[in-house]
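Engineer:
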Amino acid sequence: MIESLVNLFWAFVKVGSFSFGGAYSLIPLIEKEVVKNHQWLTQDEFLKVLGMVEIFPGAISIKFATYTGYKTAGFAGAVAANLGNILTPAVLILFFAYIHSIYEKNLLVTKAFNGIKYTVIGMIAAIMYQYAVKNGGTWQEYLLLAVGAALVVFFKLHPAYVVIIAAIIGMILL
Numbered sequence: 001m002i003e004s005l006v007n008l009f010w011a012f013v014k015v016g017s018f019s020f021g022g023a024y025s026l027i028p029l030i031e032k033e034v035v036k037n038h039q040w041l042t043q044d045e046f047l048k049v050l051g052m053v054e055i056f057p058g059a060i061s062i063k064f065a066t067y068t069g070y071k072t073a074g075f076a077g078a079v080a081a082n083l084g085n086i087l088t089p090a091v092l093i094l095f096f097a098y099i100h101s102i103y104e105k106n107l108l109v110t111k112a113f114n115g116i117k118y119t120v121i122g123m124i125a126a127i128m129y130q131y132a133v134k135n136g137g138t139w140q141e142y143l144l145l146a147v148g149a150a151l152v153v154f155f156k157l158h159p160a161y162v163v164i165i166a167a168i169i170g171m172i173l174l
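Structure representation (structure tokens):
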């Protein structure tokens, strides 16, 4: 049991340490740890959990850590995975908040953060494409993808409404 808790903690330390750019940039990291490295989830289960965690509010990494940890080692596993998940980001944000407050006007620092920002946007676009290719297949699924994007991009609809509309269309089409 202790070994499982330690493995969960360290696996999610890796996820939390290298998940730059937010939610969708870390999906490949989570997949590598929970499916490929440790086999806590199968590929099919990973995709099902990914769909499940997207319908609940909150950070994807926390929901994955909770699900994987609980499945692997119960409540203690969920706690260990989440502690690992938040350790590095919490320490780094405290450190960089301090550094940023000192150097926020520095031109090189501003340029570095802009470079990171645009690269992360590219990473997110690539992951969204991979996710659509892995999960899509029917015209109905691609239609839902297009409708969801259009509702957000062109109609500026709140994401909560987009999810509700997608659920209703999904019940009808899928």
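Taking the UniProt record's numbering, the leading residue of the sequence shown gets 1, the next gets one more, and so forth. Backbone N, C-alpha and C define an ideal beta-carbon position, used for all residues, glycine too.
1. Taking 8 Å as the limit between beta carbons, can you name the residues of its chain near P159, skipping five residues before and five after?
2. Looking at G16 and I93, is the spacing between their C-beta atoms short of 8 Å?
3. Tell me whether E3 is buried or exposed, calling it buried when 16 or more other Cβ atoms sit within 10 Å of its Cβ.
4. If you check the beta carbons only, do I30 and S61 fall under 8 Å apart?
5. Can you look up W40 in the DSSP assignment and give me helix, strand or coil?
6. What does the Cβ neighbour count give for I55, buried or exposed, with the cut at 16 atoms within 10 Å?
7. Provide the residue span of the alpha helix (DSSP H) that contains Y129, from first to last.
8. Restricting to runs no shorter than 4 residues, where is the alpha helix (DSSP H) found entirely within the segment 36–106?
9. Helix, strand or coil for L143? Go by DSSP, reduced to three states.
10. For the alpha helix (DSSP H) that contains S4, what are its first and last residues?
11. Give the secondary structure of L157 by DSSP, where H, G and I count as helix, E and B as strand, and everything else as coil.
12. According to DSSP, simplified to helix, strand and coil, what is L174?
13. Just curious, the alpha helix (DSSP H) that E31 is in, first and last residue?
Structural biologist: By the coordinates alone:
1. V152
2. no
3. exposed
4. yes
5. coil
6. exposed
7. L107 to N135
8. 43–55 and 60–103
9. helix
10. I2 to F18
11. coil
12. coil
13. I27 to E31
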